[in-house]
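Asker: I'd like to ask some things about the structure below.
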Amino acid sequence: MFDFLESGQYDVLGAFWVNVQLTFYSAIGSLVWGTVLAGMRVSPVPLMRAFGTAYVNVVRNTPLTLLIIGCSAGLYQTLGISLGGDNFKDIGFRLAVLGLIAYTGTFVCEALRSGINTVPVGQAEAARALGLSFFQVLTLIVLPQAFRTVIAPLTNVLIALTKNTTVAATIGVAEAALLMKEMIENEAQALFAVFAVFALGFVVLTLPTGLVLGWVAKRVAVKR
Amino acid sequence: MSGDSVTKGTEDAAAAADSLVVLSNVNKHFGALHVLQDIDLSIARGEVVVVIGPSGSGKSTLCRTINRLETIDSGTITIDGSELPSEGKELARLRADVGMVFQSFNLFAHKTVLENVVLGQVKVRKTDKAAAEKKARTLLDRVGVGTQADKYPAQLSGGQQQRVAIARALAMDPKVMLFDEPTSALDPEMINEVLEVMQQLAGEGMTMVVVTHEMGFARSAANRVVFMADGKIVEEATPEQFFSNPRSDRAKDFLSKILHH
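Structure, rendered in structure tokens:
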């Protein structure tokens with residue numbers, strides 16, 4: 001039943017490796033971008049707050065497929081922005097990462113913002129009373145405590161991101177979902193087996209993420 | 001100013017020059033509630049002013065306006081001759097010169113006791129880390145929690161946490177220290193250890209504004225008692241005068257309620 005795996009025709013591990021890479025770069029990027037967005041949403045500057053709110057509400061409510069196709073068709077094919085890639089494979093990969101960061105950053109931002117709300121207001125007051133600037137209060141006192149309380153919701157975001165990397169198939173990035181589509185066409189007799197292989201692949205990727213980060217969340221929790 | 005020497009003007013100027021904190025005509029509203037009404041108060045260098053009054057009288061708010069944790073609607077507040085800026089770097093610089101101790105301690109929960117005391121020195125005063133740690137350890141010894149330096153705030157008792165908070169404020173070499181009900185959240189047996197540190201500080205000539213319900217402390221450490229009620233300063237007097245012979249009915253009423261036993 002699983003002999004299609006032995007034919008050597010399909011590089012299943014290689015395809016999943018692309019998902020891992022997409023997840024890795026997008027996770028780092030969206031963590032940074034989400035933190036910047038959260039900083040904007042709590043900033044004392046009205047213009048920044050307005051931008052943060054507008055961005056999050058527009059992008060969060062746009063389907064990811066649309067964003068990624070937008071990156072490919074809009075940024076690359078129309079405007080010629082290739083993000084430094086010189087072949088189709090690299091350009092597609094980078095555009096997909098950009099789309100994933102733009103999208104996932106909004107969820108990171110909102111998780112983080114709820115974390116900021118759990119930090120007692122006295123913490124920021126004490127920091128301000130010492131003469132720390134807004135940026136210092138945010139980066140030294142509030143965000144470090146906020147991050148520790150939102151590891152669980154951020155784990156959800158990371159798991160969703162891992163699975164969302166399959167959307168990169170829509171712009172031809174050779175990851176697992178694209179390979180699956182190809183295999184279904186070629187190995188229609190083993191349809192359920194093909195499904196099982198890919199479903200298992202994602203469980204293997206996401207289950208340890210949840211377990212490891214659950215453990216981390218317990219380790220770094222702030223005692224009050 | 002030096003020309004007209006015999007007039008009252010120079011006296012005022014001399015008083016103003018010696019006043020470290022001056023609030024003049026300060027007003028603040030919380031919605032419809034007028035929490036601070038035309039407050040005039042000046043605090044001299046080295047003076048210990050204790051602010052007392054019933055809850056809701058605006059005394060905590062008064063204390064918090066001095067480093068602009070609460071904004072004011074009108075009036076001016078000057079610290080060491082310069083008016084309190086409304087925001088930005090200038091305000092941060094001024095806050096660094098004003099130490100604040102809170103009712104709920106507010107030690108940074110994710111940092112050790114030592115890191116709490118080092119942080120402001122390194123990030124605001126730009127002291128190098130080794131010197132800051134040395135100073136922090138000296139201060140922690142001075143307030144009697146030197147052995148707890150590597151613990152986290154949650155591992156300390158309330159009294160210990162509040163003494164760390166005092167050390168954290170002192171590490172900035174503040175010109176004035178504000179205490180916003182520093183013992184109100186403490187178990188009774190821990191109040192004295194904090195008051196002793198404050199007594200010592202007062203004895204060393206630190207300028208202090210203390211909002212408190214500890215009448216014993218007011219009697220023994222204060223140069224002046226300010227009694228507030230309903231957003232106004234009702235009475236200002238030396239502690240002896242205030243406790244033995246209050247002038248206003250409001251103060252008499254307040255004292256009769258708290259000094260029975």
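One line per chain: the protein sequences are A and B, in this order.
Numbering follows the UniProt record's numbering, in which position 1 of the first sequence is assigned residue number 1; successive positions increment by one, without gaps.
Numbering follows the UniProt record's numbering, in which position 112 of the second sequence is assigned residue number 112; successive positions increment by one, without gaps.
Don't be surprised by glycine CBs; every beta carbon is placed ideally from N, CA and C.
Treat the numbers as computed from the prediction; the structure is a model and nothing was measured.
1. For B:Asp180, which three-state DSSP category applies?
2. Please list the partners that B:Val124 has in chain A, where partner means a Cβ-to-Cβ separation under 9 Å.
3. By Cβ distance below 6 Å, which residues in the same chain neighbour B:Asp97 in space, the five residues on each side in sequence not counted?
4. Quick one: which chain A residues come within Cβ less than 8 Å of B:Arg93?
5. Considering B:Lys28, what are the terminal residues of the beta strand (DSSP E) in which it resides?
6. Please report the straight-line C-alpha distance between B:Gly231 and B:Ser24, rounded to a whole angstrom.
7. On the three-state DSSP scale, how would you describe B:Met172?
8. Hey, B:Ala167 and B:Val194 are a contact pair by Cβ (cut 8 Å); roughly how many whole angstroms apart?
9. Rounding to the nearest angstrom, what Cα-Cα distance links B:Ile191 and B:Leu107 in this structure?
10. So within the region 122-147 of chain B, which uninterrupted alpha helix (DSSP H) runs reach at least 4 residues, ignoring any that extend past its ends?
11. Output the distance between the C-alpha atoms of A:Met180 and A:Pro63, rounded to the nearest integer angstrom.
12. Quick one: is B:Gly120 near chain A, going by C-beta distance under 8 Å?
13. Between the region 123-136 of chain A and the region 161-174 of chain A, do three or more beta carbon pairs fall short of 8 Å?
14. From the beta carbon of A:Gly122, is the nearest beta carbon of chain B less than 8 Å away?
15. Can we say the region 154-168 of chain A touches the region 112-125 of chain B, given the rule of at least three CB pairs closer than 8 Å?
16. What does B:His34 touch in chain A if you count any residue whose Cβ is under 8 Å from its own?
17. Flag this pair as yes or no: are the beta carbons of A:Ile68 and A:Val157 separated by less than 8 Å?
18. Excluding five sequence neighbours on each side, which residues of the same chain lie with their C-beta closer than 7 Å to the C-beta of B:Gly58?
19. What is the DSSP secondary structure of A:Ala190, counted as helix, strand or coil?
Answerer: Reading it off the structure:
1. In the second sequence, counting from the first residue as 1, residue 180 of chain B sits at position 180. In this structure, B:Asp180 counts as strand in the three-state DSSP scheme.
2. As a position in the second sequence, residue 124 of chain B is number 124, starting the count at 1. Per Cβ cutoff of 9 Å: Leu130, Gly131, Leu132, Ser133 and Gln136.
3. By 1-based counting over the second sequence, the position of residue 97 of chain B is 97. Non-local beta-carbon contacts of B:Asp97 in its own chain, meaning distances under 6 Å to residues more than five positions away in sequence, involve Pro174 and Lys175 in chain order.
4. Position 93 of the second sequence, counting from 1, holds the residue named residue 93 of chain B. Residues of chain A with a Cβ closer than 8 Å to the Cβ of B:Arg93 are, in chain order, Gly131.
5. Taking the second sequence and counting its residues from 1, one reaches residue 28 of chain B at position 28. Run containing B:Lys28: Ser19 to Phe30, per the beta strand (DSSP E) assignment.
6. Sequence index remark: in the second sequence, residue 231 of chain B carries index 231 (1-based). Sequence index remark: in the second sequence, residue 24 of chain B carries index 24 (1-based). If I take the Cα positions, the gap works out to 14 Å.
7. Here residue 172 of chain B refers to the residue found at position 172 of the second sequence. Three-state result, B:Met172: coil.
8. Position 167 of the second sequence, counting from 1, holds the residue named residue 167 of chain B. Position 194 of the second sequence, counting from 1, holds the residue named residue 194 of chain B. With 8 Å as the limit, B:Ala167 and B:Val194 do not qualify as a contact, their Cβ atoms being about 12 Å apart.
9. Mapped onto the second sequence, residue 191 of chain B falls at position 191. Mapped onto the second sequence, residue 107 of chain B falls at position 107. The alpha-carbon separation between B:Ile191 and B:Leu107 amounts to approximately 18 Å.
10. DSSP runs (the alpha helix (DSSP H)) wholly in the region 122-147 of chain B: 129-142.
11. Mapped onto the first sequence, residue 180 of chain A falls at position 180. Mapped onto the first sequence, residue 63 of chain A falls at position 63. Whole-angstrom Cα-Cα distance: 22 Å.
12. Sequence index remark: in the second sequence, residue 120 of chain B carries index 120 (1-based). Residue-level contact by beta carbon holds for B:Gly120 and chain A, with a gap shorter than 8 Å.
13. Short answer: they don't touch.
14. Working through the first sequence from its first residue, we reach residue 122 of chain A at position 122. A:Gly122 counts as touching chain B.
15. Verdict: no, contact absent.
16. As a working note, residue 34 of chain B is residue 34 in the second sequence. Within chain A, no residue has its CB atom less than 8 Å from the CB of B:His34, the nearest being about 23 Å off.
17. Your numbering for residue 68 of chain A matches position 68 in the first sequence. Your numbering for residue 157 of chain A matches position 157 in the first sequence. No. Outside cutoff.
18. What you label residue 58 of chain B is simply residue 58 of the second sequence in a count that begins at 1. Within the same chain, and ignoring the five residues on either side of B:Gly58 in sequence, the residues whose Cβ sits closer than 7 Å to its Cβ are Val35, Leu36, Met228 and Gly231.
19. Counting from one through the first sequence, the residue named residue 190 of chain A turns up at place 190. In the three-state reduction of the DSSP assignment, A:Ala190 falls in the helix class.
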